[in-house]
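In case it helps, the numbering used here puts the sequence shown at residues 96 to 466.
Okay, so here's the structure we're looking at.
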Amino acid sequence: MDFVPTEATLELAGLTRDILADHVTPARLRQVETTPGHVDRALWADLAGAGVLSAALPEEVGGGGFGLLEQCGVLVELGRAVAPVPYLPSIVVAASALAAFGSAEQREKWARPTAEGRLLPTAALVEELDDGTGTPATTAERGPDGWTLTGVKTTVPWGAVADLFLVPATTPQGRAVFLVDPRDEHVTVTGQQVVDGDDTAWLDLAGVRLDDDRLLGSPGDETAAWLLARATVGLCALQFGITERALELTAEHARTRVQFDRPIGSFQAVSQRLADAFVDVAAIRLTLWQAAWRLASDLPCETEVATAKFWAADAGHRVAHTAVHVHGGQGIDVEHGLHRYFTAAKRVEFELGGATAHLRRIGAALATHPA
96 MDFVPTEATL ELAGLTRDIL ADHVTPARLR QVETTPGHVD RALWADLAGA GVLSAALPEE
156 VGGGGFGLLE QCGVLVELGR AVAPVPYLPS IVVAASALAA FGSAEQREKW ARPTAEGRLL
216 PTAALVEELD DGTGTPATTA ERGPDGWTLT GVKTTVPWGA VADLFLVPAT TPQGRAVFLV
276 DPRDEHVTVT GQQVVDGDDT AWLDLAGVRL DDDRLLGSPG DETAAWLLAR ATVGLCALQF
336 GITERALELT AEHARTRVQF DRPIGSFQAV SQRLADAFVD VAAIRLTLWQ AAWRLASDLP
396 CETEVATAKF WAADAGHRVA HTAVHVHGGQ GIDVEHGLHR YFTAAKRVEF ELGGATAHLR
456 RIGAALATHP A
């Protein structure tokens, strides 16, 4: 494959970086952390106004016609800035799925407003007792008057402020994805807080009745797998941005922090850890773009996606800890800017499966189809 970014990817990433430079400051981040949902609404509005939200969505929903590679370019920049906006669940996963699998009515009602920044959908992909098979414990039963959803989802990103949930469930025909409004009867949304301080949500579906127009795609089709693959690759893109910037900050600290009359970066123990971190970040980058390219090209990519997430988790863990250790006492100060990168990396490490879970998926794939 060609690892050179497309011109559109570079331009959209550059535009995103310019907007983030005007918005994401330590003071602004602290302010956003006191608001419900931890969403920077002003930044989200500016990204929408500049066309960043819509650029990588299909033209049918008001987008610019670009795709996953360009979305990953945006995610890398958001990771570098640890920006508090729901671009991954709302645009990369939810809006893209609505555009790809939705009816004309669903696209107009949900995808277009999302592209314009007026709606915040999210995807509820995680359950408490995930057995690793990809089969949701949440069920959907077909009745004479529609569908009935029963189950629980946890750590739903930005779920406390979401306007719509994309919910995978198991039906007799296979997996299906349903569109759940938080205002629907028998839906309970309870806020949760995760390691990086972000608000997520516990979504309880206690016999939620839905009409057929709330089904996205068809039961047994690829919609649920599509959501999970996109979300996983998106996390890898975020982790690349997070770790790349964390390493830059750490290298700068090693150049300027003087101990025993010399920069600490000149000591072998420090320089070797930074060199190892450089290799780890490169591995995250290469596996990310390989997985993203294959997924965007509609090529078989289950193993590549699992490989990318393994590196995002395993190498991301090492880079985050190296950054903290090299910063010394500053590294464990929760008020220091580096702390945001550490907690962000830790969240991505385990979200949608940690290193061990994805290593098992790689092993299972190799056992089924030996290389």
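Glycine residues also receive a C-beta, built at the ideal position from the N, C-alpha and C atoms.
Query                                                                                                                                                     : Result
Name the one or two DSSP bridge partners that residue 271 has.                                                                                            : 264
Under the three-state reduction of DSSP, which class applies to residue 345: helix, strand or coil?                                                       : helix
Would you report the Cα separation of residue 347 and residue 425, rounded to the nearest angstrom?                                                       : 14 Å
Can you look up residue 135 in the DSSP assignment and give me helix, strand or coil?                                                                     : coil
In the DSSP assignment, what are the bridge partners of residue 285?                                                                                      : 297
How big is the Cα-Cα spacing for residue 467 and residue 213?                                                                                             : Residue 467 lies beyond the residue range present for the chain, which begins at 96 and ends at 466; the question has no answer from this structure.
According to DSSP, is residue 253 part of a helix, a strand, or is it coil?                                                                               : coil
Looking at the secondary structure, which residues open and close the beta strand (DSSP E) in which residue 106 lies?                                     : Taken as a continuous stretch (DSSP letters only), residue 106 belongs to no beta strand (DSSP E), being part of the alpha helix (DSSP H) at 102-118.
Around the C-beta of residue 302, are 16 or more other C-beta atoms found within 10 angstroms, so that it is buried, or is it exposed?                    : exposed
Three or more beta-carbon pairs under 8 Å between the stretch 165-178 and the stretch 141-156, yes or no?                                                 : yes
Can residue 387 and residue 326 be called in contact, C-beta distance under 9 Å?                                                                          : no
Measuring CB to CB, does residue 246 end up less than 9 Å from residue 322?                                                                               : no
Measuring alpha carbon to alpha carbon, tell me which residue in 147, 345, 180 and 189 is nearest residue 319.                                            : 189
Apart from the five residues on each side of it in sequence, which residues of its chain come closer than 8 Å, Cβ to Cβ, to residue 194?                  : 152, 153, 155, 156, 158, 202 and 206
Would you check if the distance between the CB atom of residue 330 and the CB atom of residue 447 is smaller than 9 Å?                                    : yes
Please identify the residue among 339, 277 and 288 whose C-alpha is closest to the C-alpha of residue 309.                                                : 277
Below 8 Å on the Cβ atoms is my guess for residue 369 versus residue 345; work out the distance and round it to an integer in Å.                          : 7 Å
Measuring straight from C-alpha to C-alpha, what distance separates residue 357 and residue 259?                                                          : 55 Å
Find out if the Cβ-Cβ distance for the pair residue 442, residue 284 is shorter than 9 Å.                                                                 : no
Relative to the C-alpha of residue 178, which candidate in 196, 198 and 142 has its C-alpha closest?                                                      : 142
Could you tell me if residue 126 is buried or exposed, where buried requires 16 or more neighbouring beta carbons within 10 angstroms of its beta carbon? : exposed
Identify the residues that DSSP records as bridge partners of residue 246: which are they?                                                                : 300
What residues in its chain sit with their C-beta under 8 Å from that of residue 307, if we drop five residues either side in the sequence?                : 241 and 242
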